[in-house]
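Engineer:
2 protein chains.
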Amino acid sequence: MAGKVFFSVTMSLDGFMAPLDDGALEAMNQGRNDDPSLRRWMSQWGELQGWALKQRFMRENLQFGEGGETGPNDDFLRGVFDRTGSTVLGKRMFDGGEGGWPEDAPFHTPVFVVTHEVREPWKRLGGTTFHFVNDGIESALAQAREAAGDRDVRIGGGAETILQFLNAGLVDEFTVSLRPVFFGTGVPLFKGVDQTAVALDLARTEATPEVTHLTYTVRRR
Amino acid sequence: MAGKVFFSVTMSLDGFMAPLDDGALEAMNQGRNDDPSLRRWMSQWGELQGWALKQRFMRENLQFGEGGETGPNDDFLRGVFDRTGSTVLGKRMFDGGEGGWPEDAPFHTPVFVVTHEVREPWKRLGGTTFHFVNDGIESALAQAREAAGDRDVRIGGGAETILQFLNAGLVDEFTVSLRPVFFGTGVPLFKGVDQTAVALDLARTEATPEVTHLTYTVRRR
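Here is the structure:
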C-alpha cells in the first residue's frame, strides 16, 4: 500500500511561512549577531516556530536536551515525524540547512533533494541520507515513494518546491499550522498557487491556544 | 460600558477576502450575465460566501425566504449580527452595495460611511440609516461608538478600511472565517498590515467542516 504525499508547515496569519532573508543568513554565517536584519529574522522566526521548538519531541529530535512541553502540539509534531518515510527538499532549502543541521540531521529518513547539482549521496548519522536528484520533481517523488514504503512522503520545503508539487497535483493532503502573528513581509506560502488545478476539502481542525492545525485534502480539478 | 470594535470576514486560504472585480460589477449592472469576468467573480464569490448564504439567519436577513441550515455556522452569523450596534463602511464598499442591497438593507443598525462625499443621512427600512462622515476614521468610530451604546461596533469593510482601522490600533478583536479554497488572485485582506503596530492573541477556534472561525484579540505593540 502506497503512502500519501503531504506537507506540513507553519504559516503566519498573513500568509508567510518564513521571514525574508534580506542578508540575515549571511550575517549569521559570519557571526555578526547584532546585524539588524538578522535580529529581525530571528525574532520573526521565533514568532513562527517558537511553539514547535519548545515541544518535547522537537527538543529530542534537535538534541536541545531534556524537558519540553507535552500535549496536543507535541503529539502533532510526533505524528508528522512518525508518518514520514522519506522527505523531498528543494535545493535552496537544502543549501540553507546544510550548514546548520547537526551531524545527526533532524530527518532520520532518506531525503531527496531536487537540484541541478550532481553529487554522491551524503550519509549522516541517525538514518538521514541526502540523495541528489537531477531529473525533476516527478523523478524525486518516485524515488521518495519507493524509499518510504508504506509510510508517507513529506514535501519538506521550501515554499517554491511545495508549490511546484501542489500545482502539479502531486500532493494528497497538507497541514497548515496557523500562528496568530503578522509578518507584513516574508516568504509567502501560497503565492502563485494554481487555483484552476487543485481544490481543497477541510479534513480536520485541531485548535490549541498557540496554533491552529488545519488539515486539507487536495483534489485535482 | 463601551462595546468592542471588531471585524468579521471570510478569507480564502491564500488570504483573499473577495474576488478581483476586473469589470465584473459593471457587467452585472449592465445585465451581461455571460461576461467571463462576471462568471469568474460569481464563482469565486460563491466559493467564499456559499457557506454563509445558505444559513437560516442569512436567508432571513437577506429575505431569501424560509429554510436554511441551522447549527454552529448559523449560530455564528446570528451572534455577529446580535452583538453589532453600529457599522462602519468604506466609501467603495458602500458604493458597491448601494445598488445591490434591498430597500430593507441587511445592516439594521446605524451605518457610518467614511467618505469625502457630503450627503444627508439616508434612512432605509428596517433600522438601517447611512451617515456620511467626512472627517476621517477616528470621527467615524466615535460616532459609531456613540450610536452602538453598549453593543459593539463592526468595521464592515472593505479590506482597505479594515486595514486602516487595524493599523491605527483601533480594532479590539476580529474573526477570520477561513474557507478551504484558493483564489490565486483577489482582494487581499492583510496585505499592508503594520506588524510593528499590532500583535495578536488567538482567543478561540470554532471548527466546522466548511469553515474555521478564528477569533483573535489585538494588542497594540
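Protein chains in written order, with our numbering: chain A, 24 to 244; chain B, 24 to 244. Built from N, CA and C at the ideal position, the CB exists for glycine as well.
1. Verify the CB distance criterion: does Ala230 of chain B have a CB-CB separation below 8 Å to chain A?
2. Closer than 6 Å by C-beta to Ser200 of chain B: which residues in its own chain qualify, once you throw out the five before and the five after it? Chain order, please.
3. From A:Gly90, A:Gly94 and A:Pro133, pick the residue whose C-alpha is nearest to that of Ala230 of chain A; which is it?
4. Kindly say whether Val194 of chain B, judged by its beta-carbon, lies nearer than 8 Å to any beta-carbon of chain A.
5. Have a look at B:Leu186, B:Arg106 and B:Arg115 and flag the residue whose alpha-carbon is nearest the alpha-carbon of His131 of chain B.
6. For the beta strand (DSSP E) holding Leu237 of chain A, just list the boundary residues, first then last.
7. Check whether chain A comes within 8 Å of Gln218 of chain B, counting only Cβ atoms and requiring the distance to be less than that.
8. Check this for me: beta carbons of Phe197 of chain B and Ser31 of chain B, under 8 Å apart or not?
9. Decide if Glu140 of chain A is buried, meaning its Cβ has at least 16 other Cβ atoms within 10 Å, or exposed.
10. Can you tell me which residues form a DSSP beta bridge with Asp224 of chain B?
11. Excluding the 5 residues flanking Val216 of chain A on each side, which residues of the same chain have their C-beta closer than 7 Å to its C-beta?
12. Counting only beta-carbon separations shorter than 8 Å, does Leu36 of chain B have a partner in chain A?
13. Taking the C-alpha atoms as reference points, what is the distance between Arg82 of chain A and Ser60 of chain B?
14. Could you name the residues of the stretch 65 to 82 of chain B whose beta carbon sits closer than 8 Å to any beta carbon of chain A, in the order they occur along the chain?
15. Mind listing the chain A neighbours of Thr33 of chain B? Cutoff is C-beta to C-beta under 7 Å, in chain order.
16. Beta-carbon within less than 6 Å of Thr240 of chain A's beta-carbon, same chain only, minus the 5 sequence neighbours each way: which residues are those?
17. How close, in whole Å, do the beta carbons of Leu43 of chain A and Gly209 of chain A come, if the pair is a contact with beta carbons under 8 Å?
18. Under 8 Å, Cβ to Cβ, is there at least one residue of chain B near Val204 of chain A?
19. Give the residues of chain B in contact with Thr235 of chain A, contact being defined as C-beta atoms less than 9 Å apart.
20. Using the Cα positions of Phe117 of chain A and Leu212 of chain B, report the straight-line distance between them to the nearest angstrom.
21. Check whether the Cβ of Phe213 of chain B lies closer than 8 Å to any Cβ atom in chain A.
Structural biologist: With the given structure in hand:
1. Numbered from its first residue, the second sequence carries residue 230 of chain B at position 207. Closer than 8 Å to some Cβ of chain A, the Cβ of Ala230 of chain B qualifies, so yes.
2. Translated into positions along the second sequence, residue 200 of chain B becomes position 177. Excluding positions up to five away in sequence, the list reads Thr33, Val234 and His236.
3. Start at 1 with the first residue of the first sequence, and residue 230 of chain A comes out as number 207. When each option's Cα is compared against that of Ala230 of chain A, the closest is A:Gly94.
4. Against the second sequence, residue 194 of chain B aligns to sequence position 171. Output row for Val194 of chain B: interface = no.
5. Position 108 of the second sequence holds residue 131 of chain B. Of the listed residues, the one whose Cα sits closest to His131 of chain B is B:Arg106.
6. Here residue 237 of chain A refers to the residue found at position 214 of the first sequence. Thr235 to Arg243 is the extent of the beta strand (DSSP E) around Leu237 of chain A.
7. What you label residue 218 of chain B is simply residue 195 of the second sequence in a count that begins at 1. By this cut-off, Gln218 of chain B is an interface position.
8. The sequence position of residue 197 of chain B within the second sequence is 174, counting from 1. The sequence position of residue 31 of chain B within the second sequence is 8, counting from 1. In contact: Phe197 of chain B and Ser31 of chain B (Cβ atoms closer than 8 Å).
9. Along the first sequence, read from residue 1 onward, the residue named residue 140 of chain A stands at position 117. So Glu140 of chain A ends up on the exposed side.
10. Indexing the second sequence from 1 puts residue 224 of chain B at position 201. The partner list for Asp224 of chain B (beta bridge, DSSP) reads B:Thr240.
11. Here residue 216 of chain A refers to the residue found at position 193 of the first sequence. Excluding positions up to five away in sequence, the list reads Leu186, Leu189 and Asn190.
12. In the second sequence, the residue the question calls residue 36 of chain B occupies position 13. Judged by the 8 Å Cβ criterion, Leu36 of chain B is in contact with chain A.
13. Start at 1 with the first residue of the first sequence, and residue 82 of chain A comes out as number 59. Start at 1 with the first residue of the second sequence, and residue 60 of chain B comes out as number 37. Near 51 Å, if we compare the C-alpha coordinates of Ser60 of chain B and Arg82 of chain A.
14. none
15. Locating residue 33 of chain B in the second sequence gives position 10, where the first residue counts as 1. Simply none; closest approach about 13 Å.
16. Translated into positions along the first sequence, residue 240 of chain A becomes position 217. Excluding positions up to five away in sequence, the list reads Glu196, Asp224 and Ala226.
17. For the purposes of this step, residue 43 of chain A is taken as the residue at position 20 of the first sequence. For the purposes of this step, residue 209 of chain A is taken as the residue at position 186 of the first sequence. That belief holds up - the Cβ atoms of Leu43 of chain A and Gly209 of chain A are roughly 6 Å apart, short of 8 Å.
18. For the purposes of this step, residue 204 of chain A is taken as residue 181 along the first sequence, with counting starting at 1. By this cut-off, Val204 of chain A is an interface position.
19. Residue mapping note: residue 235 of chain A aligns to position 212 of the first sequence, counting from 1. Those within 9 Å of Thr235 of chain A in chain B are Leu201, Leu225, Thr228, Ala230, Thr235 and Leu237.
20. Residue mapping note: residue 117 of chain A aligns to position 94 of the first sequence, counting from 1. Residue mapping note: residue 212 of chain B aligns to position 189 of the second sequence, counting from 1. Taking the straight line from one Cα to the other gives about 32 Å.
21. Numbered from 1 along the second sequence, position 190 holds the residue referred to as residue 213 of chain B. By this cut-off, Phe213 of chain B is an interface position.
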